[in-house]
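Novice:
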Amino acid sequence: MGHREALSALSVIAALSGGLLAGCAPESSTPSVEHLRAEVIERLPFDQTSFTQGLEVTADGNLYIGTGQEGESRLYTRTIAGDELASVDLDQQFFGEGITRIDDTLWQLTWLDGTAIRRNAETLEEIGRASYQGEGWGLCSRTEANEVIFSDGTEELRRMDPETLEERERFTVTLDGEPVAGLNELECVGNDVYANVFTTTDIVRIDAETGEVTARIDASALPNNATDDPNHVLNGIAHIPGTDEFFLAGKRWPDMYRVRFTQAD
Numbered sequence: 049m050g051h052r053e054a055l056s057a058l059s060v061i062a063a064l065s066g067g068l069l070a071g072c073a074p075e076s077s078t079p080s081v082e083h084l085r086a087e088v089i090e091r092l093p094f095d096q097t098s099f100t101q102g103l104e105v106t107a108d109g110n111l112y113i114g115t116g117q118e119g120e121s122r123l124y125t126r127t128i129a130g131d132e133l134a135s136v137d138l139d140q141q142f143f144g145e146g147i148t149r150i151d152d153t154l155w156q157l158t159w160l161d162g163t164a165i166r167r168n169a170e171t172l173e174e175i176g177r178a179s180y181q182g183e184g185w186g187l188c189s190r191t192e193a194n195e196v197i198f199s200d201g202t203e204e205l206r207r208m209d210p211e212t213l214e215e216r217e218r219f220t221v222t223l224d225g226e227p228v229a230g231l232n233e234l235e236c237v238g239n240d241v242y243a244n245v246f247t248t249t250d251i252v253r254i255d256a257e258t259g260e261v262t263a264r265i266d267a268s269a270l271p272n273n274a275t276d277d278p279n280h281v282l283n284g285i286a287h288i289p290g291t292d293e294f295f296l297a298g299k300r301w302p303d304m305y306r307v308r309f310t311q312a313d
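Mapped onto the working numbering, the consecutive letters of the sequence shown carry residue numbers 49 to 313.
1) Find the nearest neighbour of Arg107 within the set Pro302, Ile89, Thr127, judged by alpha-carbon distance.
2) Measure the C-alpha to C-alpha separation of Ser288 and Thr163 and round it to an integer number of angstroms.
3) What residue range is occupied by the uninterrupted beta strand (DSSP E) comprising Phe219?
4) Give me, in chain order, the residues of the same chain whose beta-carbon lies closer than 7 angstroms to that of Phe99; leave out the 5 immediate sequence neighbours on both sides.
5) With a threshold of 16 other CB atoms inside 10 Å of the CB of Ser179, please say whether the residue is buried or exposed.
6) Where do the ends of the beta strand (DSSP E) carrying Asp137 lie?
7) With H, G and I counted as helix, E and B as strand and the rest as coil, what does DSSP make of Arg122?
8) Within its chain, find whatever has a CB closer than 7 angstroms to the CB of Ser77; leave out the 5 residues flanking it on each side and keep chain order.
9) By Cβ distance, which residues of its chain are closer than 6 angstroms to Gly130, with the 5 residues on each side in sequence left out?
10) Between the segment 130-141 and the segment 167-181, do three or more beta carbon pairs fall short of 8 angstroms?
11) Excluding five sequence neighbours on each side, which residues of the same chain lie with their C-beta closer than 8 angstroms to the C-beta of Thr262?
12) Look at the alpha carbon of Ser59 and the alpha carbon of Ala229, and state the distance between them as a whole number of angstroms.
13) By how many angstroms is the C-alpha of Ala286 removed from the C-alpha of Val237?
14) Less than 8 angstroms between the C-beta atoms of Glu204 and Thr220, yes or no?
15) What beta strand (DSSP E) runs, 3 residues minimum, are completely inside the segment 267-306?
16) When you compare each of Arg216, Ile89, Trp185 to Gly284 by their alpha carbons, which one comes out closest?
17) Mapping DSSP to helix, strand and coil, what is Ala129?
18) Taking the alpha-carbon of Asp276 as reference, which of Pro302, Leu84, Glu260, Asp292 has the nearest alpha-carbon?
19) Since I believe Ser199 is in contact with Leu314 (beta carbons under 8 angstroms), could you give me their beta-carbon distance rounded to a whole number of angstroms?
20) Spatial neighbours of Thr212 within its chain, please: CB distance less than 7 angstroms, with the 5 preceding and 5 following residues excluded, ordered by chain position.
21) Does Ile113 pass the burial test, meaning 16 or more other C-beta atoms within 10 Å, or should it be called exposed?
22) Which residue spans inside the segment 167-226 form an unbroken beta strand (DSSP E) run of at least 3?
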């Protein structure tokens, strides 16, 4: 998200200042909500020019990265070590957002245009488009459930058809019965949806069936070595298949972190 999202973030900031996430006292939390932290295993080089909006591990262990900002947005693949393999620019008017792969297709959202770009997952070539209502923020695929989960920066997530991106239904994400706004970049792992919470170092783990938050993850220990700018925040979460580890990145961060979510002290 860019500077123009400041107004959209007001509800998020209000929720945080009210203690909905990091400020919640432990005694007020539902016992089933885990308190976790991101334990850094490895620090890796990242492209500090990338305004990261989407991050995903490819089938062969490389990375898909979707970036934002009008005139700068692109989608590219690179090795974990940092070697770029392929890249495609978005049309100048688009602000690129979340991405997800389903079989041979890769979907890429745009922020304000209501347009999703369908791409060949190998070549990144555009092969179609779909429309949706409102803003597009994050996207992840639940293959077993035959659905895509879509965020728009509010407390709601949408279930979408993976082939057409047609909306099926919406559900509200709650923590202790209260809505959690600012849901941004997403990662689906089984029945869980992991979401960055906009402008914060918080990640929430959400039950994909009920919408209830089952874990709050504190990622504040990750060094933010980006240039000083309020927009250069944590954003980008990708599960590493076959492990309990994740990659975490940020907007214009020069580093990416391989982490494991462990019990907080």
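Every residue, glycine too, gets a C-beta built ideally from N, C-alpha and C.
Specialist: This is what the structure holds:
1) By 1-based counting over the sequence shown, the position of residue 107 is 59. Sequence check: residue 107 is Ala here, not Arg. Ranking the options by Cα distance to Ala107, first place goes to Thr127.
2) For the purposes of this step, residue 288 is taken as residue 240 along the sequence shown, with counting starting at 1. For the purposes of this step, residue 163 is taken as residue 115 along the sequence shown, with counting starting at 1. For the sequence presented, residue 288 should be read as Ile rather than Ser. For Ile288 and Thr163, the distance between alpha carbons rounds to 28 angstroms.
3) Mapped onto the sequence shown, residue 219 falls at position 171. Element bounds for Phe219: 215-220.
4) For the purposes of this step, residue 99 is taken as residue 51 along the sequence shown, with counting starting at 1. These residues qualify, in order along the chain: Thr115, Gly116, Gln117, Glu120, Lys299, Arg300.
5) What you label residue 179 is simply residue 131 of the sequence shown in a count that begins at 1. Counting Cβ neighbours within 10 Å, Ser179 comes out exposed, since fewer than 16 surround it.
6) Within the sequence shown, residue 137 is the residue found at index 89, counting from 1. From DSSP, the beta strand (DSSP E) with Asp137 extends over 132-137.
7) For the purposes of this step, residue 122 is taken as the residue at position 74 of the sequence shown. Looking at Arg122 - three-state DSSP - the assignment turns out to be strand.
8) Translated into positions along the sequence shown, residue 77 becomes position 29. Residue placement at Ser77 is poorly supported in this model, since its pLDDT is 45, which falls under 50; the coordinates are not used for a value here.
9) Position 82 of the sequence shown, counted from the first residue, corresponds to residue 130. Contacts found: Pro93.
10) yes
11) As a working note, residue 262 is residue 214 in the sequence shown. Excluding positions up to five away in sequence, the list reads Ser80, Val81, Glu82, Asp240, Arg253, Ile254, Asp255.
12) Within the sequence shown, numbered from 1, the residue matching residue 59 stands at position 11. Within the sequence shown, numbered from 1, the residue matching residue 229 stands at position 181. Low per-residue confidence applies at Ser59: pLDDT is 46, beneath 50, and the placement is therefore not dependable enough to give any value.
13) The residue given as residue 237 occupies position 189 in the sequence shown. The residue given as residue 286 occupies position 238 in the sequence shown. Roughly 9 angstroms between the two C-alpha positions.
14) Position 156 of the sequence shown, counted from the first residue, corresponds to residue 204. Position 172 of the sequence shown, counted from the first residue, corresponds to residue 220. Contact: yes.
15) 282-287, 293-298
16) The residue you call residue 284 lines up with position 236 of the sequence shown. Comparing Cα-Cα distances from Gly284 to each of Arg216, Ile89, Trp185, the minimum goes to Trp185.
17) Along the sequence shown, one-based indexing puts residue 129 at 81. Looking at Ala129 - three-state DSSP - the assignment turns out to be coil, as it is neither helix nor strand.
18) Along the sequence shown, one-based indexing puts residue 276 at 228. When only C-alpha atoms are compared, the closest one is Pro302.
19) Outside the modelled stretch of the chain, which goes from 49 to 313, sits residue 314, for which no answer is possible.
20) Residue 212 sits at position 164 when you count from the first residue of the sequence shown. For Thr212, where only same-chain residues beyond five positions count, the Cβ hits under 7 angstroms are Ala178.
21) If you number the sequence shown from 1, residue 113 lands on position 65. So Ile113 counts as buried.
22) 174-179, 187-190, 195-199, 204-208, 215-220
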